[in-house]
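From first to last, the protein sequence lines are chains A and B.
So in our numbering, spot 7 of the first sequence is number 7, and the numbers just go up one at a time.
So in our numbering, spot 102 of the second sequence is number 1102, and the numbers just go up one at a time.
Shown next, in C-alpha cells, is the structure this report addresses.
Number of protein chains: 2
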Amino acid sequence: MKDVLIVGLGPAGISAAIYLKRSGVDPLLIGKDLGNLELFPLPIENYYGFPEPIHSKTLVQNGIAQAQHLGIEIKKEAVIEIAEKDSIFYVKTAQNEYLAKTVILASGKKLKSFSVPGFNKFKGKGISFCATCDGFFYRRKKIAIIGHSAYMKNELAYLSQLNQDITIFTNGETLDETFPFLIVKEKITKFLGDQKLTGIKTSDGQIYSIDGAFVAVDSPGSLEFAQQIGIIVEKGNVVVDKKYQTNIPGLFAIGDIIGGKLQIAKAVYDGMMVADDIKRYLKNKNK
Amino acid sequence: MKDVLIVGLGPAGISAAIYLKRSGVDPLLIGKDLGNLELFPLPIENYYGFPEPIHSKTLVQNGIAQAQHLGIEIKKEAVIEIAEKDSIFYVKTAQNEYLAKTVILASGKKLKSFSVPGFNKFKGKGISFCATCDGFFYRRKKIAIIGHSAYMKNELAYLSQLNQDITIFTNGETLDETFPFLIVKEKITKFLGDQKLTGIKTSDGQIYSIDGAFVAVDSPGSLEFAQQIGIIVEKGNVVVDKKYQTNIPGLFAIGDIIGGKLQIAKAVYDGMMVADDIKRYLKNKNK
C-alpha cells in the first residue's frame, strides 16, 4: 500500500510529488494523458523561469522528466475509478488496481463537452457523467453509453448489472471488443428532447430513442471521480478545506479542479502546499 | 510617474511584472544584484518545469530575459532609498530617482550578517540598519558606518547632518571617494561591549571606541527599506494583509520578505496574486 497516490501528471500533481519525495515520502504518480495543458494551443508566457515562451506540452513533459529524475514512480495508466473503504483508497486503472492511504486528485478540469446541439441543454436532464451515481434511476429505461475506452467499459460493466437495454455510441471511434449490445459507430450530431433527453441523432440521420445517456469518453476527469466517490462539488469545483482536504478524510485535491486561478503558478503552489498537509495527515494517522 | 514600480529582479518581482504587463499595466522593474538566489550554491530541483536541476543564477537570468522578452522595462540599478509623500513614492537608486503610484517590495530577505563575534549580540543594542530611524539617538555619540557603496554614502549623508564624530569602516573594501571622516579599511573582527556596543576591533588589532554602528553594506534589503519608510515588521517579516499591502497604502510586499515558505513556487505565486490587488488598488485610486 502506498502512503500517497497522486492522480494527474500536470503541474499540480508533479509539484506535490516533488515536494513529498524530497521530504521523505514516496508518492506514486498515475496519469495517462496530459490534460488540458496538452491541448492548450498557445505557448505559455506567464509562468516564471523561461526566457522564451514555452509550449504547454513541452512544459508538461519537462515536469514528468523532472519527477523521474528525482526517482519518483510514475505509472502512465488511465485511472478509471476511485473507491474508498475503511480508510483505504482503491485506485483502478485500465491495467491495475492500487491501494493507498491518501489520494491527491490533481487530474485537472477536463473540458469534456460535445459541441453538438442539445448537449449542454440536457446535462443533468438525461445526460449523466457517472454510472455509479445515476445508473439506478435509469434501470428500467433505454440508456446509452458514450465512449470506447477502458473507462467506458468500466462504466458499462456497472450499468449492465442494472439494465440490459443499452446502446453503445462510440462516436466515430473503434471498439476493440464485442458486447451483447447494439453498437453505434456513427458520430453523434444532436441530443434530442423537450424538457429532458428523449433521443440521440447520428451522422447517418438515424434517431435512437434514449432516456439516459452516460458520457464515458476517454478517461474521467476529477469531477467524474468526485461523483464516483461522493466528494462535494460546488459550482464545478471540488470543495476543499484550507489543507486541501475534501469532505472525505485522506482524499485531497489541488490545481484547477479546486477552482481559483487556472494558472500553472497556482497549481504548482498548491502542490507545494499540500505536501505539508499530507505529511501531517499521515503522521496523525500512523500514531 | 509610473503606476507600479517593483523593487527586485527575483522570482517574486518578475512574476508580478509579467502578470501586470499582460493585464495592461506597464511596471518598472528595478534591482541590482540577484539576491539570495544568486548566492544559493545548490542547483534547484523543486521548482516545477525543469527536467534537470537548474542553477539558481540561471533561473534568475531566465526570469530577467523572460521579462525583457515581454517588453517589460528593467533598470539594473541599486535602490538605496524609498520615501513616500502625499501618496507618491520616491524611489532613489545610485543613479536616479523614480516616482510611482505604487511600489512592490520584492527585494528578498538579505542574509545580512557579519560572522564575527558580537554582531548578533549587539543588534539593536548599538548596531543599527537604518540611519533615518536611529541616527537621532546617536547624535552626540561616537558612531561608525560600515559599508562602501552608494547605499553607504546615502546613509552617511544623512548621519553627517546630525553628527560629525563618524568613523567609516569599509570592512576590507575600497572606497572611490574621500570624506572628511576617519576611514578604516581593515576588516572588522569583533564587536565589543558588555550590555551594549562600546567598540569595534579590526584585523590589525586596533580597537575603536564606538557607541553606535550603522550597517550599510552593499545595497539595502527589504527590511532596511521597511525601516526607512516605517513599514511594520514582525519577527523579521514585513507584515502585509491578504492583498499583500503593508501598513502604508500603495506599498505592497511579496516573496521571501513577507515570510511563509522561502520557496520559488511561493514567490512566483505571490507575484501572480499581487498583480490583481495592484490593479484593483490603481482602479480605486484613479476613480
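We treat Cβ as the ideally placed atom computed from N, Cα and C, and that holds for glycine.
Note that the structure is predicted; figures quoted are calculated from it, not measured.
- Residues near residue 1044/B by beta carbon distance below 8 Å, same chain, minus five either side: Close CB contacts of residue 1044/B within its chain, under the 8 Å cut and outside five residues either way in sequence, are with 1050, 1053, 1054, 1055, 1056, 1059 and 1264 (chain order).
- Message: Less than 8 Å between the C-beta atoms of residue 1211/B and residue 1123/B, yes or no?
- Response: Annotated as distal: residue 1211/B and residue 1123/B, with beta-carbon spacing of 8 Å or more.
- According to the Cβ coordinates, are residue 181/A and residue 162/A closer than 8 Å? Residue 181/A places its beta carbon 8 Å or farther from that of residue 162/A.
- Between the C-alpha atoms of residue 1250/B and residue 98/A, what's the straight-line distance to the nearest angstrom? Those two C-alpha atoms are separated by around 52 Å.
- Message: So if I threshold CB-CB distances at 7 Å, which residues from the stretch 1050-1082 of chain B count as touching chain A?
- Response: The stretch 1050-1082 of chain B vs chain A, Cβ under 7 Å: 1050, 1051, 1052, 1059, 1062, 1063, 1065, 1066, 1069 and 1070.
- Count the C-beta pairs between the stretch 1184-1191 of chain B and the stretch 1087-1094 of chain B that are closer than 8 Å, then say yes if the count reaches three, no if not. In short, these stretches do not touch, since the Cβ pair count stays below three.
- Under 8 Å between C-beta atoms of residue 1155/B and residue 1213/B: In this structure, residue 1155/B keeps its C-beta atom at 8 Å or more from the C-beta atom of residue 1213/B.
- Could you check which residue in 1198/B, 1132/B and 1201/B has the C-alpha nearest to that of residue 1226/B? Sorting 1198/B, 1132/B and 1201/B by C-alpha distance to the C-alpha of residue 1226/B places 1132/B at the top.
- Query: Which residue or residues does DSSP assign as beta-bridge partners of residue 245/A?
  - Reply: Paired residue(s): 252/A.
- Contact the stretch 273-287 of chain A vs the stretch 1013-1031 of chain B: 3+ CB pairs below 8 Å: Too few Cβ pairs lie closer than 8 Å, so no.
- Item | For residue 1086/B, the three-state DSSP class (helix, strand or coil) | Coil, per DSSP.
- Message: Do residue 228/A and residue 130/A have their beta-carbon atoms positioned less than 8 Å apart in this structure?
- Response: The Cβ atoms of residue 130/A and residue 228/A lie closer than 8 Å to each other.
- Can you list, in chain order, the residues of its chain whose CB lies under 8 Å from that of residue 1079/B, leaving out five sequence neighbours each side? Once the five neighbours on either side are set aside, the close Cβ partners of residue 1079/B are 1007, 1030, 1031, 1032, 1091, 1092, 1093, 1107, 1219, 1220 and 1225.
- Item | Distance between residue 1202/B and residue 256/A (C-alpha atoms, nearest Å) | Approximately 58 Å between the Cα atoms of the pair.
- residue 276/A: which of 9/A, 10/A and 23/A sits nearest, CA to CA? Out of 9/A, 10/A and 23/A, 23/A has the C-alpha closest to the C-alpha of residue 276/A.
- Task: Show which residues of chain A have a CB atom less than 9 Å away from the CB atom of residue 1244/B.
- Result: Residues of chain A passing the Cβ test: none, with the nearest at roughly 14 Å.
- Query: Can you give the beta carbon distance from residue 1278/B to residue 1102/B, rounded, assuming they're within the 8 Å contact cut?
  - Reply: That belief holds up - the Cβ atoms of residue 1278/B and residue 1102/B are roughly 6 Å apart, short of 8 Å.
- Message: Please tell me whether residue 1/A has its Cβ less than 8 Å away from any Cβ of chain B.
- Response: Residue 1/A is outside the set of residues whose beta carbon lies under 8 Å from a beta carbon in chain B.
- Message: When you compare the CB of residue 139/A with every CB in chain B, is at least one pair closer than 8 Å?
- Response: No, residue 139/A does not count as interfacial toward chain B.
- Query: CB residue 1072/B to CB residue 1027/B, shorter than 8 Å?
  - Reply: Their beta carbons are under 8 Å apart, which means residue 1072/B touches residue 1027/B by this criterion.
- Item | Where residue 13/A falls, given that 16 or more other Cβ within 10 Å makes a residue buried | Buried.
- Task: Give every residue of the same chain whose Cβ lies closer than 7 Å to the Cβ of residue 1138/B, excluding the five residues on either side of it in the sequence, and list them in chain order.
- Result: So the qualifying residues of the chain are 1163, 1211 and 1212.
- Query: Of all Cβ atoms in chain A, is any one closer than 8 Å to the Cβ of residue 1203/B?
  - Reply: For residue 1203/B, the answer is no, since every Cβ of chain A falls outside 8 Å of its Cβ.
- Message: Going by DSSP in three states, residue 1155/B sits in which element: helix, strand or coil?
- Response: The answer is helix: DSSP assigns residue 1155/B an H, G or I state.
- Query: Going along the chain, which unbroken runs of the beta strand (DSSP E) with 3 or more residues stay wholly within the stretch 1147-1198 of chain B?
  - Reply: Taking only runs of at least 3 residues, the beta strand (DSSP E) segments lying wholly in the stretch 1147-1198 of chain B are 1166-1169, 1182-1184 and 1188-1193.
- Task: Classify residue 277/A as helix, strand or coil using the three-state DSSP reduction.
- Result: If DSSP states are grouped into helix, strand and coil, residue 277/A belongs with the helices.
- How long is the line joining the alpha carbons of residue 243/A and residue 1205/B, rounded to whole angstroms? Taking the straight line joining both Cα atoms gives about 56 Å.
- Message: Going by DSSP in three states, residue 1268/B sits in which element: helix, strand or coil?
- Response: DSSP, read as helix, strand or coil, puts residue 1268/B in helix.
- Task: Quick one: using the 10 Å Cβ neighbour count with 16 as the cut-off for buried, is residue 1117/B buried or exposed?
- Result: Residue burial annotation: residue 1117/B is exposed, with fewer than 16 other C-beta atoms found within 10 angstroms of its C-beta.
- Task: Determine which residues of the stretch 1006-1022 of chain B have a Cβ less than 8 Å from any Cβ of chain A, and write them out in chain order.
- Result: Residues of the stretch 1006-1022 of chain B with a C-beta less than 8 Å from any C-beta of chain A: 1011, 1014, 1015, 1018, 1019 and 1022, listed in chain order.
- Message: Counting only C-beta atoms, is residue 1106/B closer than 8 Å to chain A at any point?
- Response: No, its Cβ sits nowhere closer than 8 Å to a Cβ of chain A.
- residue 1222/B versus residue 1231/B - alpha carbon distance: Between residue 1222/B and residue 1231/B, the C-alpha separation is close to 10 Å.
- alpha helix (DSSP H) segments (min. 4 residues) lying fully within the stretch 1071-1145 of chain B: The qualifying runs are 1119-1122 and 1131-1134.
- Message: Helix, strand or coil, according to DSSP, for residue 30/A in the structure here?
- Response: Three-state DSSP puts residue 30/A in a strand.
- Message: For residue 7/A, report the span of its beta strand (DSSP E) as first-last.
- Response: Looking at the DSSP string, the run of the beta strand (DSSP E) that includes residue 7/A is 2-7.
- Task: Name, please, each residue of chain B whose Cβ falls closer than 7 Å to the Cβ of residue 269/A.
- Result: Under the 7 Å cutoff, chain B gives 1265, 1266 and 1269.
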